[in-house]
Amino acid sequence: MEEIPQGHLSGHAEHFSKSIYELLLPGHLQVTPGLNEVYELELAICESKILTDDEIVRRSAYFAQVGERPTYHTQICRGEALQLPRYSSARLRSFFETKQFKTGYATHGLFPYRGKFHPQMVKALINIMGMKPGETVLDPMMGSGTVLIEACLMGIKSIGVDVSPFCQFMTMAKLEGLTLPLDPIRFALKNCRTVFEHFQQRHGHTQPGNKIQAMTSTRPYQKPVPDYSARSASEGNLPEACESDAVKRFLLLAYLDSAGYSERSTRNSPLEQFRAILQRYLFVIEKIQAVMAHLNLKQAPANPLEGDARFLPLRDSSVDGILFSPPYSFAIDYLKNDSFHLRSLGADIIALRKNMIGLRGSNPHQKFELYKSDMEMALSECSRVLRPGRFCTIVVGTNDNQIGKILGTSPSRVPGIDEMLVSMSTRYQFHLARRLGRQVTGIANTMRTEYIVILERE
Ligand SMILES: C[S@@+](CC[C@H](N)C(=O)[O-])C[C@H]1O[C@@H](n2cnc3c(N)ncnc32)[C@H](O)[C@@H]1O
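Read in order, the letters of the sequence shown correspond to residues 978 to 1435 in the numbering used here.
Next comes the structure, spelled out in structure tokens:
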């Protein structure tokens, strides 16, 4: 709406001349560009009430400026949007530009893991759970490590657990990207072919345009391949400059990312694809490292573990907040999606399937029953490790069509997984503090709303 100079307004017009942000937030706070959903506004209001002005500058998610002071979030996000290869579609470009403050910052954009959290929302939820620097947040199903990366930049210690070794590997590489020496990555980019061939020899490659099938049975379990010890470092033909474990992990993540693209598209040769992705990875870490140096941001310790959320390797009452997003019933087959990557790491996919929540069971009915009992075990573990009086936040949607079929009911009558979890959680000393809905776009035939469920540990 066009802005009208205040002097010209009648008394009546004053009622609608102010934006919703001006009406609901203190005048000296300016929200981030692209804040346009109700749940975001609610989270912004909570941040404005919980944090001091100085904290809003340092760690808020939804504010761009406090008076004249730009927030750290603005400084971390602004600048050139994520660099994409020249041939990327206009749709992809505009996605990254509009999402610059929501998802496209720090190392979050590395590797397109399905079901990733929105980092900006994660930051706000960490604030709203009342977490302070020096405390520890846990993500018991960390996926690509969004919670750990956000916490690390906010000065909050973090522990992540995921049953998939690929998630541990990916999270580690993305965390290390925040401080990785840049010269070896620049060198690797100049010597792209050698690096590509090194990984191709060690980890195999995908056939362009040929979607990899999930491994089902025959391949025997192998010891994990990326043993980046001194012994293995001398094998193969990776340039000497790239031989630290962290550099190799980062390069391998770029290689696996490029293999995923090559699997889906024949537009570029796998080598060209790898070059484009490595260039983007370098751009991402150059950008975040420059901002971290400018803001003098110190990373808090983060500990990504391979483990099972149903049997957390943690002591009772040892964490100060929990934030996670479980598999949405069995909407995504993570093992099928990540089969090349898991195989590259030498993971035993058959054994993994036995522990992967949402994938256990041989028919949809049994899968749903096992999903419920597994989530109950995970909630009981969350209750055990969380300090009393603190919060556990779960972000979850419901695959209405799929569950409707199993329960023999219409998708519109499916009980939400959010409701199921809230009711289960009461058996483990939790009560519901707040539930927020957010609209999911793009997959409306599967899921329309996702819920942010904030539980308080009694
Ligand atoms: C929706 S994803 C989480 C995505 C994550 N929030 C992110 O930002 O990338 C759910 C994760 O749960 C993990 N998972 C499934 N079963 C698990 C189990 N038994 N223990 C721990 N993690 C498990 C999956 O591997 C998957 O990465």
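Built from N, CA and C at the ideal position, the CB exists for glycine as well.
Exposed unless 16 or more other CB atoms sit within 10 angstroms - verdict on Ala1460: Past the boundaries of the shown model lies residue 1460; the chain is included only from 978 to 1435, so the question cannot be answered.
Candidates Pro1290, Val1373 and Asn1378, of which the one nearest Val1138 by Cα: Position 161 of the sequence shown holds residue 1138. It is Pro1290.
Pro1402: CB within 8 Å of a non-hydrogen atom of ligand 1: Along the sequence shown, one-based indexing puts residue 1402 at 425. The residue you asked about is not Pro; residue 1402 is Ser in the sequence shown. No - ligand 1 has no heavy atom lying nearer than 8 Å to the Cβ of Ser1402.
Opening and closing residue of the beta strand (DSSP E) in which Ser1135 lies: Counted from its first residue, the sequence shown places residue 1135 at position 158. Where Ser1135 is concerned, the enclosing beta strand (DSSP E) stretches over Lys1134 to Asp1139.
CA-to-CA distance, Leu1002 to Pro1047, given in whole angstroms: One-based indexing of the sequence shown puts residue 1047 at position 70. One-based indexing of the sequence shown puts residue 1002 at position 25. Near 17 Å, if we compare the C-alpha coordinates of Leu1002 and Pro1047.
Stretch pair the stretch 1347 to 1356 + the stretch 1264 to 1273: three plus CB contacts closer than 8 Å: no
Cβ pair count under 8 Å reaching 3, the stretch 1338 to 1347 against the stretch 1250 to 1260: The stretch 1338 to 1347 is not in contact with the stretch 1250 to 1260.
Option nearest Thr1156 by Cα separation, candidates Ser996, Arg1330 and Lys1264: Position 179 of the sequence shown holds residue 1156. It is Lys1264 whose Cα lies nearest to the Cα of Thr1156.
Cβ contact check for the stretch 1129 to 1149 and the stretch 1278 to 1293: 3 or more pairs under 8 Å: yes
Outcome for Glu1435 when other beta-carbon atoms lying within 10 angstroms are tallied against a minimum of 16: Residue mapping note: residue 1435 aligns to position 458 of the sequence shown, counting from 1. Exposed is the call here.
Runs of beta strand (DSSP E) lying entirely within the stretch 1078 to 1138, each at least 3 residues, in chain order: 1113 to 1116
Gln1145, DSSP secondary structure in three states: As a position in the sequence shown, residue 1145 is number 168, starting the count at 1. Here DSSP, grouped into helix, strand and coil, assigns Gln1145 to helix.
Per DSSP, the bridge partner or partners of Gly1298: Here the question's residue 1298 lines up with position 321 in the sequence shown. Note: Gly1298 sits in a beta bridge opposite Val1114 and Phe1368.
Contact check, Cys1219 vs Ile1299, beta carbons under 9 Å: Here the question's residue 1219 lines up with position 242 in the sequence shown. Here the question's residue 1299 lines up with position 322 in the sequence shown. Cβ distance not < 9 Å, so Cys1219 and Ile1299 don't count as in contact.
Closer than 8 Å: Thr1375 CB and nearest ligand 1 heavy atom: One-based indexing of the sequence shown puts residue 1375 at position 398. Thr1375: no, Cβ never under 8 Å from ligand 1.
Residue range of the unbroken beta strand (DSSP E) whose run includes Tyr1428: For the purposes of this step, residue 1428 is taken as residue 451 along the sequence shown, with counting starting at 1. Here the beta strand (DSSP E) through Tyr1428 covers Thr1426 to Arg1434.
Heavy atom of ligand 1 within 8 Å of Thr1123 beta-carbon: Residue 1123 sits at position 146 when you count from the first residue of the sequence shown. Yes, since a heavy atom of ligand 1 falls inside the 8 Å radius drawn around the Cβ of Thr1123.
Which listed residue (Thr1084, Gly1086, Lys1109 and Gly988) has its alpha carbon closest to that of Ile1033: Numbered from its first residue, the sequence shown carries residue 1033 at position 56. Nearest C-alpha to Ile1033 among Thr1084, Gly1086, Lys1109 and Gly988: Lys1109.
Status (buried if at least 16 other CB within 10 Å, exposed otherwise) for Phe993: The sequence position of residue 993 within the sequence shown is 16, counting from 1. Phe993 is exposed by the Cβ-count criterion.
Top-ranked residue by Cα proximity to Asp1030, from Tyr1049, Val1296 and Leu1012: Residue mapping note: residue 1030 aligns to position 53 of the sequence shown, counting from 1. Ranked by Cα distance from Asp1030, the options Tyr1049, Val1296 and Leu1012 are led by Tyr1049.
Proximity test, Cys1144 beta-carbon vs ligand 1 heavy atom, cut-off 8 Å: The sequence position of residue 1144 within the sequence shown is 167, counting from 1. Answer for Cys1144: yes, Cβ within range of ligand 1.
Arg1488 to Ile1380 span [Cα, whole Å]: With the chain covering only 978 through 1435, there is no way to say anything about residue 1488.
Closest Cα partner of Ile1103 within the set Arg1257, Asp1297, Ser1306 and Leu1012: Counting from 1 along the sequence shown, the entry for residue 1103 is found at position 126. In this structure, Asp1297 is the residue among Arg1257, Asp1297, Ser1306 and Leu1012 with its C-alpha nearest to the C-alpha of Ile1103.
Alpha-carbon to alpha-carbon, Phe1094 and Val1373: For this step, residue 1373 is matched to residue 396 along the sequence shown. For this step, residue 1094 is matched to residue 117 along the sequence shown. Cα to Cα, Val1373 sits roughly 10 Å from Phe1094.
CB contact flag (Glu1427, Gly1414, <9 Å): Here residue 1427 is taken as the residue at index 450 of the sequence shown, counted from 1. Here residue 1414 is taken as the residue at index 437 of the sequence shown, counted from 1. Against a cut-off of 9 Å, the Cβ pair of Gly1414 and Glu1427 comes out as a contact.
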